[in-house]
Amino acid sequence: MVGLRVQTKLFIAIAVNIVLFIGVILFVIKPYFVEKSIEQDRAMTHDQIESVSEVFGNHRLMLERILVDWSVWTDAYDFVQNQNEAFIENNMGEETLENLGVGAMIFLDRDRNVVYSEFTQFYELDREEDKEIFTNDLIRYVNSSGIKQSAVYGTDFGPVVFMSHPIVKSDGTGESGGTLVLIQKIGPDFMAAMSAQAKTILSISPLSHQQLTVDLDNQFARVSLPLQSVYQDANWELNFSVKRMYYTNTQTMLETGMLGLLVLGLGLLLTLFWSVNQIVTKRLMGIVNELKWITKERNSRLRIQLHPNQQDEIEEMAISMNEVLDALQQTQKESLTRAFRDSLTRLPNRLAVEEMFVSSPDTTRSIGVMGIDFDNFRRINDQFGQRTGDAMLTFFASRLMFYKEDGFVARIGADEFIFIHPEWTTEELMIIANQLVKDLREWGLKQGMNHLTLSIGIDELTGPTHHSYEVMMARLDVVLHEAKASGKDQILSYHEIEDGSHYLQALEMERDLRHALRHDEFELYYQPIVSPQPFQVRGVEALIRWHHPQKGFVSPGVFIPVAEQLGLISDVGRWVLVRAITEIQEYAERFDLFLSINVSKRQIVDDSFLEALEETLAKTGFPPHRLHVEITESEVGGNVYELQQFIQALKAIGVKISLDDFGVGTSSLSYLQSLCLDVVKIDQNFVKGIPENKFDRALLEGLYQTFQTLGLEIITEGVERPEQLAFVLEYSGSLIQGYHYSKPIPVDQLNLYLRKTVMTQI
Ligand code: C2E
Ligand code: MG
Ligand code: MG
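Written as structure tokens, this is what we have:
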């Protein structure tokens, strides 16, 4: 019954009960009644047998009486002795036998000779010979001992009751003078008379059972009663049937009863089922459905519908369930309060702000918001201890509460607060902001903290587009970032930084850079690096170009630093590496060129560059010695160890190291020496003043000498004019990279350039 519905279980339970009930009636009560009825019928049959025996017994007695009357009589005695006609004349009238109710009367003498015979009932015997034959046939049965006899014998005319008695004198003395035989024909008339007396239809047949037999069939008890029980000698039996009245009645009654019970049971089953369903199951299902709905809606205010007019257990259950729901709502409320409140300042928290925006989305009016962020909060905590930090936050929270009026304040981060006032403008909030700054500073001074400052961002949310928690937080984030970026201790409004925010620009740039990476907006230009005498293109530097779909060409000087800041440079760098090697590989082999690519600081610390480099070299088969990796001098300072590791790893592969923009940074020569460089690229700023500027000339001359002494390959960047070229040629064997030979050009132009220069040489 595990997976069944209550309705089905109920149905089965009721059905089982009814079947049990019927079973008890069928197997216990019915047999009892049947047994009872059989007993009653048996008694009735017994009575009937008694009555039949009695009827025949009486008849026999009657015949016996007649027999005694006629045989114990001196007249009769004399008659069989002397055969005096007078006896017959006096005693045997026409109707004597009929009156006596006897079929035949035969007087025999001592030798069993027929003295006189008289027949009634045997109408078939009209001839004297026949009578004689019949009489002789009968007297065979008379026994020789001469005692009285009663029997039933079969004759040609059917069975007859045969009775005999010795004929003696009236006083009974003396010896018998003969025998008197009385015959009673057991024909239809006799049987009818006996049946009438016994009150049942009797028939007679030759003996088939030695004793009383009662055969039962469905309706009757068929009795065979041997006549030996009545007569001394009889090979006949009486047959009659007794209706099994009790049995048949009980059977009919039980059958009708069972049918009635079955119908009643079925009816009961249906009514019970219907009632239980109506009173219990249906209502329970109603409650279950309501609970399901409540669970689905997840609305803690919903309750099960009550029916006050039904005061029963189910109603009590519904009430209890509602009480559970009440308790749950209460718990939820309490945990919400806990979840919505900051435990230190007791101010609402970030969740509460969000909830406020979601639950009351009033988009009609303008809302003034102010985000406040403590400057250097961590340092204060570290320096003065967490207790002081907490005290500062608590103090600040109390100030916010003081100013908030109808507004709303919350602590939305460790050192971040928000102040919302539905009616105030930027100007009004500015006043509060200044006041807060002053309050904090004064509090700090009292605590011995000299310069506590705040970064505050103010915004006015106007119109429906601003009225969402996300938009509000994003805008406050922008102003606060800007305030922090422009040196902290600032009160800025979103309005004033809207157009010029670096932060916003950076955000936009980030989005665009990601887009550019995905949509292949980058391209590589290549600038030839040549040895002037004899003229030969020795290598190319890959320089990235960005064709922004809206802004057009964006200089790498602008977006590379942003990409670095945002951590996107590794992706850009990998792209450059793979693209440059694939594009230049063929030219590098054909024109014996090296390929120089730029890497930035972030890539040096990021292992993924080295992995990508090895993988690309292995995949393309590009010879490592033809690859120069440019590291910018200004970035080299700082993390020496990591840089050395990086350089060693590159060298192990066989790649050359080039120091870019030499002269911009402040690295010492000895330090540079420790890096095991292959190439130094002198920044274009040194070349700009050549040949006019004496100082520049001296500097450049000195650099050439130094690097040549150190055995480094030199590349001079930014050579534009012939005079500059002449100077470089005069003082060094440096390679040249500059507009004088070529600007950075796309790969197909590089192809032309290379072919042209080779041709010119020839
Ligand atoms: P850089 O590596 O020093 O590249 C040389 C810069 O000088 C290039 O500017 C080039 O166009 C410019 N230049 C070359 N010859 C002359 C000349 O005769 N006169 C003048 N005025 N300029 C000359 P570009 O392409 O704008 O690149 C600027 C900087 O962006 C590069 O300086 C490099 O630091 C960075 N950069 C470019 N491509 C990549 C790159 O793929 N990855 C990285 N990490 N940085 C790159
Ligand atoms: Mg470079
Ligand atoms: Mg450079």
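Residue 1965 in my numbering sits at position 577 of the sequence shown; the count goes up by one each step and never skips.
All residues carry an ideal CB built from backbone N, CA and C; glycine is no exception.
Extent of the continuous beta strand (DSSP E) run through residue i
| i | result |
| --- | --- |
| Trp1681 | Premise fails: Trp1681 lies in the alpha helix (DSSP H), Lys1670 to Glu1685, not in any beta strand (DSSP E). |
| Val1925 | Gln1924 to His1936 |
| Thr1601 | Thr1601 to Leu1604 |
| Tyr1504 | Val1502 to Phe1507 |
| His2016 | Leu2015 to Thr2020 |
| Glu2105 | Glu2101 to Glu2105 |
| Pro2011 | Note, Pro2011: premise wrong, no beta strand (DSSP E); not H, not E. |
Contacts around residue i, its chain only, beta-carbon distance under 8 angstroms, and the 5 residues preceding and following it disregarded
| i | result |
| --- | --- |
| Glu1793 | His1809 |
| Gly1445 | Val1618 |
| Val1390 | The pLDDT assigned to Val1390 is 48, lower than 50, so where the model puts this residue is not dependable; a value taken from the coordinates is nonetheless given after this. If we look at Val1390 and ignore the five residues flanking it on each side, it has no Cβ neighbours. |
| Ile2150 | Per-residue confidence for Ile2150 stands at a pLDDT of 41, beneath the threshold of 50, marking its modelled position as unreliable; the derived number appears in the next sentence. Closer than 8 angstroms at the Cβ level, and outside the excluded window around Ile2150, lies no residue. |
| Leu1716 | Ser1688 |
Where residue i falls: helix, strand or coil (DSSP)
| i | result |
| --- | --- |
| Val2043 | coil |
| Ile1535 | coil |
| Asp1497 | strand |
| Gly1542 | strand |
| Thr2004 | helix |
| Val1390 | Caution applies to Val1390, whose pLDDT of 48 falls short of 50 and renders its modelled position unreliable; the model cannot decide the point. |
| Val2146 | helix |
| Phe1982 | strand |
| Ala1802 | coil |
| Asp1621 | strand |
| Ser1943 | coil |
| Asn2139 | helix |
| Thr1850 | coil |
| His1907 | helix |
| Asp1714 | helix |
| Pro1576 | helix |
| Pro2134 | strand |
| Ala1401 | helix |
| Thr1970 | helix |
| Gly1411 | helix |
| Thr1567 | strand |
| Arg1610 | strand |
| Gln2125 | strand |
| Met1551 | strand |
Cut-off 6 angstroms between Cβ atoms - residues of its own chain near residue i, not counting five sequence neighbours on either side
| i | result |
| --- | --- |
| Asp1384 | Given that the chain is displayed from residue 1389 to residue 2150, the structure contains no residue 1384 and the question cannot be resolved. |
| Met1551 | Leu1451, Leu1455, Ser1538 and Leu1570 |
| Asp1603 | Arg1610 |
| Asp1463 | Phe1475 |
| Glu1678 | Ile1692 |
| Glu1952 | Ser1988 and Arg1990 |
| Gly2106 | Gln2072, Val2075 and Gly2126 |
| Ser1986 | The sequence given here has Asn at residue 1986, not Ser. Taken in chain order, the residues that qualify are Glu2018. |
| Lys1557 | Thr1462 and Tyr1465 |
Rounded distance between the beta-carbons of residue j and residue i, thought under 8 angstroms
| i | j | result |
| --- | --- | --- |
| Leu1613 | Ile1426 | Actually they do not touch by this definition, with Cβ atoms about 20 angstroms apart. |
| Val1502 | Gly1565 | Incorrect: roughly 14 angstroms between the Cβ atoms, too far for contact. |
| Leu2031 | Gln2061 | So it is not a contact: roughly 14 angstroms between Cβ atoms. |
| Leu2222 | Ile1494 | A question about residue 2222 goes unanswered here, because the residues of the chain that appear run from 1389 up to 2150. |
| Ser1337 | Gln1878 | Outside the modelled stretch of the chain, which goes from 1389 to 2150, sits residue 1337, for which no answer is possible. |
| Gln2112 | Ile2078 | 5 angstroms |
| His1936 | Glu1909 | 7 angstroms |
| Thr1638 | Phe1421 | 5 angstroms |
| Leu1626 | Leu1590 | 6 angstroms |
Alpha helix (DSSP H) segment containing residue i, residue limits
| i | result |
| --- | --- |
| Tyr1635 | Met1633 to Val1664 |
| Asp1778 | Gln1774 to Tyr1791 |
| Arg1738 | Arg1738 to Ser1747 |
| Asp2084 | Lys2082 to Leu2098 |
| Glu1520 | Glu1516 to Ile1527 |
| Leu1817 | Thr1814 to Gln1835 |
| Ile1885 | Tyr1882 to Ile1885 |
7 angstroms CB neighbourhood of residue i in its chain, flanking five on each side removed
| i | result |
| --- | --- |
| Leu1649 | Ile1410 and Ile1413 |
| Gln1572 | Leu1451, Val1490, Gly1491, Val1548, Val1549 and Phe1578 |
| Ala1403 | Leu1657 |
| Ser2163 | Residue numbering for the chain in the displayed model covers 1389 to 2150; residue 2163 lies beyond these limits and cannot be assessed. |
| Met1480 | Glu1506 |
| Lys1826 | none |
| Leu2151 | Residue 2151 lies beyond the residue range present for the chain, which begins at 1389 and ends at 2150; the question has no answer from this structure. |
* Distance cut 5 angstroms, beta-carbon to ligand 2 heavy atom: residue list by chain order -> Residues with their Cβ less than 5 angstroms from any non-hydrogen atom of ligand 2, running along the chain, are Asn1986, Glu2018 and Asp2048.
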